[in-house]
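This report concerns only the one structure given below.
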Amino acid sequence: MQQSNTYIIIFTLIMTIFFGTLLSFTRMQLGPIQKVQVEIDTKKKILGAVMDISSLSPDEILSLYSKKMTSMVLDISGNEVLSSDGKLLIAEEVNIQKNYKIYKDDRKYPVFMFSEDGNSVDYYIFPMFGNGLWDWISGFVALDKDLNKVIGVAFDHKAETPGLGARISSDEIQDRYKGKEIFDIEGNLVSIKMLKKEKNPALSIHEVDGMSGATITANGLNDMMKNYLNCYLPFILKNKKLDETLISYNE
Amino acid sequence: MSEVKEKEVVKVKKSEALFSKRRRNILIDPLDDNNPVTIQVLGICSALAVTIKLEPTIVMSLSVVFVMIFSSLLTSLVRDYIPTRVRIIVQLAIIASLVTLVSEFLKAFNYEMFKVLGAFVGLIITNCIILGRLEAYAMGNKPYDSVLDALGSSVGYAWIILAVAFFRELLGSGSILGYKVFEMIGWSSFPTNGLFVDSIGAFIILGLIIWVQRSRNGYVEN
Amino acid sequence: MNEIINLIIKSAFMDNMVFAYFLGMCSFLAVSKKVSTANGLGLAVIFVLTCTAPLNWLIQQNILNEGALSWIGPEFATVDLTFLQLLMFIAVIASFVQLVEMIIEKFSPALYGSLGIFLPLIAVNCSILGGSLFMVQRDFNLQEATAFGFGSGFGFYLAIIALAAIREKLKYSHVPDGLKGLGITMLLTGLMGLAFKTFIGMTL
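Residue numbers (the working numbering), protein chains in the order written: chain H, 357 to 607; chain L, 27 to 248; chain Y, 105 to 308.
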């Protein structure tokens, strides 16, 4: 049966209003829950770089985070940025992936600080982003308060090959970074390099074992670390110095 | 008004048992002899990509079953009012709204899964099985029958992708639902095959499943 | 410019819609029996993908994203309409396809004869909606979105033409009964996918 145009228009209108209302209502109800989920997800990743959080419930993660973590947003020269385009910047909400696409001098660099007693900073956590073999890889690298030794790392990836490149998100690979240092004795930034093969004899303090069959992912990882540590370098140097003066002052 | 009532009464009198033979056939037919994936070649698009692991596949199957049943029900309820000329758009709108619901709920209550499934939840919209069943069945049949048909087709679809996912996870990652089964039985050096993690493995496994199934039920395509 | 070309190569070969993401499989399998029809569908997919990807990009950026409506007025700055994404995208695709069909029918009956019948099929081709959704997920800008749309469409075109050519030859082979049709096509697709994998790492 062929209906008139008026009927079709009225039918479409009613349908649009019905589904529009239904969907907006759902979003209104679920929106806050989703926001919390996204927040938990980010905070889990940040905390994951400094401790094992697999046994913690989402609520514990949120309360732990609010107790022990502080954060700020930096520009390329290591200065704190409070707002952009009239909007207050929140470090946890800075999208690293979006920032990665713009020129490095214009990016926003969030830094997260972990403090056991709530006064002095124990660990600094730096988010980073880069390209693996198939798609993006990302990471959070935690340094100690001297900003040299790695406390822990948490890598994530979108689509690396399971069993090969995807191993970067496993504890086995991430544990290899613990205790490594990013500065050499003369104070030059050398970052940490993942080598080509597994079970290399005599690794230096700046090298970790590689993953056989995933050299491109490993190279991506090395590039990402080097790039971002260089971007954070002004901040790192500033805070290193600050610590030294503090020490001499205390003496 | 009274006429309409009389009609309804007649219909009720004619109504059959809740699970009559005909209705059982509506439900069971798509599981094997008329399977939407292996026989009718529909709906291969959106879901194979999530079959690397069993867990996301289960979520995907449930989502498809949900969308399918409710879109059939809705379409069937308003089937006499849908203008013929815009019916495809109307059906797509019904499906898209339901899929959005699924995606919103997933984001709120299982964010991990939402991240894994990503854009593929949205792609349920273009799963040809759903639109195909709406157009071929729900547009012309009563709600209850349509729901049965939807349930049959979506379960027929679900078991195929679950089977694919089972083999892909077993051979590609050496695990089932994340449990390392080979290590548990003491075969820790089980050689996992990266091919099955890749899309290629899915094509090949699906091809073999089709072969086995068609040899069994004797269906030959010309 | 190099980046754009690389993106086209990547989306056509390495991230091929059919072989890497299983998108557009239905029409890929159903319309690949003859090279001539496969050609028609492939061209239609290239065209529609290249147009709908930037179209949906504009909608996403100017209407759907959180704060995207601020061009109307500052009071709209916090409106977040992303939950309408699926509905909007599918509506845009379906109406665009309808529109193109009508235009072609009116102005070029010859083209309509060869391409027209495939257009309605395309509204439910997952690779079109998939293209739009991936483009949002990967944070492309307008140029990249267009290039991605074109590259993906081209990849689909290559895939379906190649498969159709193989299936035409396959008619003369002896295939076991159970494998005839879909079964052997699936295995073939797997092998073709394996061949496309060799493009990994190729850049300009």
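Yeah, the Cβ is synthetic: ideal placement off N, Cα and C, and Gly gets one too. Please read these numbers as outputs of a predicted model, since none were measured by experiment.
Give a yes or no on whether the minimum CB-CB distance between leucine 378 (chain H) and chain Y is below 7 Å. no
Can you list, in chain order, the residues of its chain with a C-beta nearer than 7 Å to that of glycine 146 (chain Y)? Leave out the 5 residues immediately preceding and following it. Phe260, Tyr261, Ile264, Ile265
With H, G and I counted as helix, E and B as strand and the rest as coil, what does DSSP make of glutamate 436 (chain H)? strand
Tell me where the beta strand (DSSP E) around isoleucine 548 (chain H) begins and ends. First-last for isoleucine 548 (chain H): undefined, no H or E at that position.
Leaving out five residues on either side along the sequence, give the residues of the same chain with a beta carbon under 6 Å from the beta carbon of phenylalanine 123 (chain Y). Gly297, Phe300
For the pair the segment 179-194 of chain Y and the segment 118-137 of chain L, tell me if three or more CB-CB distances fall below 8 Å. yes
Tyrosine 250 (chain L) - DSSP class collapsed to helix/strand/coil: Past the boundaries of the shown model lies residue 250 (chain L); chain L is included only from 27 to 248, so the question cannot be answered.
Does the segment 95-102 of chain L come within contact of the segment 159-174 of chain L, defined as at least 3 CB pairs closer than 8 Å? yes
Name the chain Y residues whose beta carbon is nearer than 7 Å to that of arginine 383 (chain H)? Phe187
Roughly how many angstroms lie between the CA atoms of glutamate 563 (chain H) and phenylalanine 496 (chain H), to the nearest whole one? 18 Å
Range covered by the alpha helix (DSSP H) that runs through tyrosine 421 (chain H): 414-424
C-alpha distance - alanine 176 (chain L) paired with threonine 64 (chain L), whole-angstrom precision: 17 Å
Chain H contact residues for tyrosine 107 (chain L), given Cβ-Cβ distances below 8 Å: Phe367
Consult DSSP for proline 158 (chain Y) and reduce its assignment to one of helix, strand or coil. helix
Check the DSSP bridge columns for glycine 495 (chain H) and list the partner residues they point to. H:Met484, H:Phe511
Taking its Cβ as the centre, do 16 or more other Cβ atoms sit within 10 Å of alanine 172 (chain Y), making it buried, or is it exposed? buried
Could you spell out the range, first to last residue, of the beta strand (DSSP E) harbouring methionine 469 (chain H)? 465-470
Look at the Cβ atom of glycine 508 (chain H), then the Cβ atom of alanine 405 (chain H), and state whether they are nearer than 7 Å. yes
Quick one: what's lysine 443 (chain H) bridged to in DSSP? H:Ser440
According to DSSP, is lysine 284 (chain Y) part of a helix, a strand, or is it coil? coil
Distance between leucine 559 (chain H) and methionine 580 (chain H) (C-alpha atoms, nearest Å): 21 Å
Between the alpha carbons of methionine 239 (chain Y) and tryptophan 492 (chain H), how many angstroms are there, rounded? 14 Å
Assign valine 104 (chain L) to one of three DSSP states: helix, strand, or coil. coil
Contact residues within the segment 125-139 of chain L, judged by C-beta distance below 9 Å to chain H: Thr126, Leu127, Glu130, Phe131, Lys133, Ala134, Phe135, Asn136, Tyr137, Glu138
In whole angstroms, what separates the C-alpha of tyrosine 605 (chain H) from that of serine 476 (chain H)? Note on tyrosine 605 (chain H): pLDDT 44, under 50, position unreliable in the model; no value is reported.
Checking contacts by CB at 7 Å: is glutamine 359 (chain H) closer than that to chain C? Checking the listed chains, one finds no chain C in this structure; the protein chains it contains are H, L and Y.
Glutamate 516 (chain H) by DSSP, collapsed to three states: which one? coil
Does the beta carbon of serine 97 (chain L) come closer than 7 Å to any beta carbon on chain H? no
Rank L:Trp213, L:Ile211, L:Ile115, L:Leu132 by C-alpha distance to the C-alpha of methionine 371 (chain H) and give the top, closest one. L:Ile115
Between which two residues does the alpha helix (DSSP H) harbouring asparagine 110 (chain Y) extend? 106-113
In terms of DSSP beta bridges, what is lysine 505 (chain H) paired with? H:Glu537
So which residues of chain H does aspartate 243 (chain Y) contact, with C-beta pairs closer than 8 Å? Gln453, Lys454, Lys457
Is the Cβ of serine 215 (chain L) closer than 7 Å to any Cβ of chain H? no
Are the segment 583-597 of chain H and the segment 425-432 of chain H in contact at 8 Å, needing three or more beta carbon pairs? yes
Comparing C-alpha positions only, which one of L:Ile230, L:Leu196, L:Glu247, L:Val181 sits nearest to phenylalanine 92 (chain L)? L:Val181
Label tyrosine 459 (chain H) either buried or exposed according to how many other C-beta atoms from any shown protein chain fall within 10 Å of its C-beta, with 16 as the threshold for buried. exposed
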